[in-house]
Every structure is written in C-alpha cells, then in structure tokens.
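Numbering-wise (the working numbering), the sequence shown opens with residue 3 and increments by one. By construction, the Cβ of each residue, glycine as well, lies at the ideal position given by its N, Cα and C atoms. In what follows, a structure is listed as structure tokens, so that the remarks can point back to it.
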Amino acid sequence: MNISVVLPWQQNIWQLLLQSRARQTMPHAFIFSGLSGVGKLHFTQAVSAWLLCQQPTDLGACGHCKSCQLWQAESHPDYRFLQATTDEKTGKTSRVIKVDQVRELVGFLNKSAQLNGYRVAVIQPADILNHNAANSLLKTLEEPGAQTAIILLTDQPLALLPTIRSRCQQFTVSVPSTQQAKEWLLPQLKNPAQADLLLRLSENAPLAALALQESAGFQCRAELAQSMVAVVERKASPLQTAQQWQKNLKPEELLPSLQLLLADALLSALGQDSAIKNSDLLPIIRILGQRLSRTRLLELHSDCVESQRLVAANIQANLLLDNFWQRLQ
Ligand SMILES: [Zn+2]
C-alpha cells in the first residue's frame, strides 16, 4: 500500500492531529466522518502510516523506516483493517461487521506492539457494526492502552451507538470548495471537460467524482434517459427495457443514475433547470419533466432511494427494477 499524502482540503484536521501529537494529547479513539467520496479512507491511511512510522514528519510518514516498508508491503504487524467479509462461494459481502471479527480485533489490541510503536485499528464503515459487535468494542474504546489508535470511519455518524460516539473524538472530513476540488481533479481526468459535471453529480466529493468518471452508471446516463422516455411514451415495453438494463448494468450502478435523472426531471418540472446536475442532458430531462407528473416523479425517486437501501441489504434487485420500469409507464 502506498503512503497516502494528506489531501489539500484535509489540512485543517491534519494540523489538529499534528498539534495533539506534539502536545501528547492524542485521542485513542477517533471517528472520521464526512460525505462519501470526500477521501476519509485516504486520510485514514495517511494518518495510520504516520502513527506507525518510526520517524514521522509534519507531512506524514517518512516512507523509508522499517515501519513504512512494512506498511508498503501491506504486512505491518501492528495494523488491522476491519471491514465486512465477503463469502468466497457466493461472492456476497455481508451487510454487517460481526462480533467475532471485533473479538479478534480486541485480542490484537490487547497484545503489545511488535515494533514498539503504535497499534492502529481501522473499522470501515463503523456504522455496519452489528449490535453485539459494537458492544464488544466499548470497553476497548474506553481503555485502549498506551499508543493505540482505533479509527472508525462513517458517512453516517448518527447511525453509530451513542455509547460508541461518546467514547471517540469526532473529526469531520469536509467537502472542499469547487475550486479546490477542481484543482485536484483536473490533472487526473481522461476528459477534463467533464470536471464540472462530475463534481456536480458527486456533490463536490472529489474522490467520488474521479471514480464516477469510470463508472458504467455515469457513461450510460444518456441512453438510460432515452430508455425512460421511450417507456413513458409507450414506445418500449417496461419489461423488455428492464431486462435489457439488467444485462448491461448492476443494480448498484443503475439505481444512483436513475435517481439523479428523476431528481433532475423534477427540478425541470419545477422550473429549476439551472439546478439540474446532469446539465449535459438538459433537453431529454425536460421531456421527462413534461411527460411525468410531479407526484409520479417524487414517487419514483423515493422508489429508487428505497431500492438502493434494499440492494445494499442484499435483497434481490430484479423485482424492484421490473417494478420500477412498470411504474414509469
Ligand atoms: Zn517511516
């Protein structure tokens, strides 16, 4: 794993951490929260490598010491990264982090560090710790021992148990300004002309914008909007359209794009064309906004939000999507 550099819009939290370490008032338990795609994991990796590093600098881990070498080789004995497990047979990822995983982590934190420095444990995302798992973590969060850092990541800090939250110091990784986001994003884009569009669609979360460029859901928005119009105008069958899109895209790629297109169609119906995020698709979005009632647009939008929640909970998505296309007509 490369040693991450703290991103420009994360400098404020970074300075706070530098000061705490210099004053020896570093917290033992952290919550890093913030919008998805703002770089929480990237920041956590920079902080973890810096805590473990044997010659840390004000810019982060040194990149050369024994600890940094182990970090780069992804074999640091004093670092644990906890996430939901994926079943090898079915390929499905569990929607919770289980108590056994936390018990193993607590065991690791109870042993002394092999390199005589920090021990770092990261839980990503902490809001999927199930109830027992969260409870097993409480005592360790309260008395983690010297030179220990437990870092919890989440997009939804309020979804964590209050007893977890009260034992951690919370830091918000904020969204950068559009200019700051663009300066970081532009040199990395294959098609820099899409920078503004990608940032609008990602609510200025730069890492989400970068990932979006490559995503199938982003690349097929125009086709998807055309399919929606065709179904609304009864020129295509809802069921065939559903089947065609099920072949082309995974539900988790399809649903966010559908949701954004519907939100934009609703804005257009309300006369707010300037607020539309898929601004490159304005003409076709106007048609959707004209053909569907505001009530129906709102209902379909809620369906998309709910379907994404269900898909994230491993519920079969095909029926939900068949139903979506039928309701569109
Ligand atoms: Zn180092």
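Please identify the residue among Gln-172, Glu-145, Asp-275 whose C-alpha is closest to the C-alpha of Gln-158.
Gln-172
Whose C-alpha, out of Leu-272, Cys-306, Glu-308, is nearest the C-alpha of Ser-295?
Leu-272
Kindly confirm or deny that the region 211-227 and the region 239-254 touch, where touching means at least three C-beta pairs closer than 8 Å.
For the pair of segments examined, the region 211-227 was found to touch the region 239-254: the number of CB pairs separated by less than 8 Å reaches three.
Who pairs with Leu-155 in a beta bridge, going by DSSP?
Answer by DSSP bridge pairing, in chain order: Phe-34.
With hydrogens ignored, establish whether the beta-carbon of His-78 is closer than 7 Å to any heavy atom of ligand 1.
no
Return the bridge partner residues of Gly-65 from the DSSP annotation.
None; Gly-65 has no bridge partner.
Would you report the Cα separation of Arg-202 and Ala-86, rounded to the nearest angstrom?
30 Å
Does the CB of Leu-72 have a neighbour CB from chain D at under 8 Å?
Any reference to chain D falls outside this structure, which holds one protein chain only.
How would you call Ile-130, buried or exposed, if buried means at least 16 neighbouring beta carbons within 10 angstroms?
buried
Is it true that the CB of Leu-283 sits closer than 8 Å to the CB of Leu-302?
no
Might you give, ordered along the chain, the residues of its own chain that have their beta carbon closer than 8 Å to the beta carbon of Leu-300, omitting 5 neighbours on each side?
Cβ neighbours of Leu-300 beyond the five flanking positions: Leu-268.
Do Leu-154 and Ile-15 come within 8 Å of each other at the CB atom, strictly closer than that value?
No; because the gap between Cβ atoms is not below 8 Å, this pair is not in contact.
Return the residue from the list Gln-196, Pro-178, Pro-194, Glu-90 that minimises the CA-CA distance to Pro-208.
Pro-178
Go through the region 239-325 residue by residue and report every complete run of the beta strand (DSSP E) that reaches 3 residues or more, in order.
With a minimum length of 3 residues, no continuous beta strand (DSSP E) run stays inside the region 239-325.
Taking the CB atoms as reference points, tell me whether Leu-54 and His-30 lie closer together than 8 Å.
no
Kindly identify the DSSP beta-bridge partner or partners of Phe-220.
Beta-bridge pairing links Phe-220 to no other residue.
So, at 8 Å on beta carbons, what are the nonlocal neighbours of Leu-241 in its own chain, with the 5 sequence-adjacent residues on each side left out?
Asp-324, Trp-327, Gln-328
Between Pro-146 and Leu-187, which are expected to be in contact by the criterion C-beta below 8 Å, what is the C-beta distance as a whole number of angstroms?
With a Cβ gap of about 37 Å, Pro-146 and Leu-187 do not count as contacting.
Could you give the residue range of the beta strand (DSSP E) that holds Gln-171?
171-174
Within the continuous alpha helix (DSSP H) that includes Leu-20, where are the two ends?
Secondary structure note for Leu-20: its alpha helix (DSSP H) is the uninterrupted segment 13-24.
Taking just the CA atoms, how far does Asn-4 sit from Ser-69?
If you take the alpha carbons of Ser-69 and Asn-4, they lie about 13 Å apart.
Excluding sequence positions up to five away, which residues of its chain have a Cβ less than 6 Å from the Cβ of Asn-134?
Val-101
Looking at C-alpha atoms only, which residue of Tyr-120, Leu-19, Cys-306 is the closest neighbour of Leu-262?
Cys-306
In whole angstroms, what is the alpha-carbon distance linking Ser-114 and Leu-107?
Their backbone Cα atoms lie some 13 Å apart in a straight line.
Compare the beta carbon distance of Asn-320 and Lys-94 with 8 Å and say whether it is the shorter of the two.
no
Can you look up Leu-117 in the DSSP assignment and give me helix, strand or coil?
coil
In the region 42-116, which residue ranges form an unbroken beta strand (DSSP E) of at least 3 residues, counting only runs that do not cross its ends?
If we require 3 residues or more, the beta strand (DSSP E) runs fully inside the region 42-116 come out as 81-84.
Which residues does DSSP pair with Ala-123 in a beta bridge?
Arg-82, Ile-152
Just confirm the distance between the C-beta atoms of Ala-51 and Val-7, as a whole number of angstroms; I'd bet it's less than 8 Å.
Contact doesn't hold; Cβ gap of about 10 Å is too wide.
Can you grab the Cα-Cα spacing for the pair Gly-109 / Asp-89, in whole Å?
23 Å
Report yes if the CB atom of Ala-151 is closer than 8 Å to the CB atom of Val-104, and no otherwise.
no
Relative to the alpha-carbon of Leu-226, which residue among Leu-260, Arg-311, Leu-163, Lys-237 has its alpha-carbon at the smallest distance?
Leu-260
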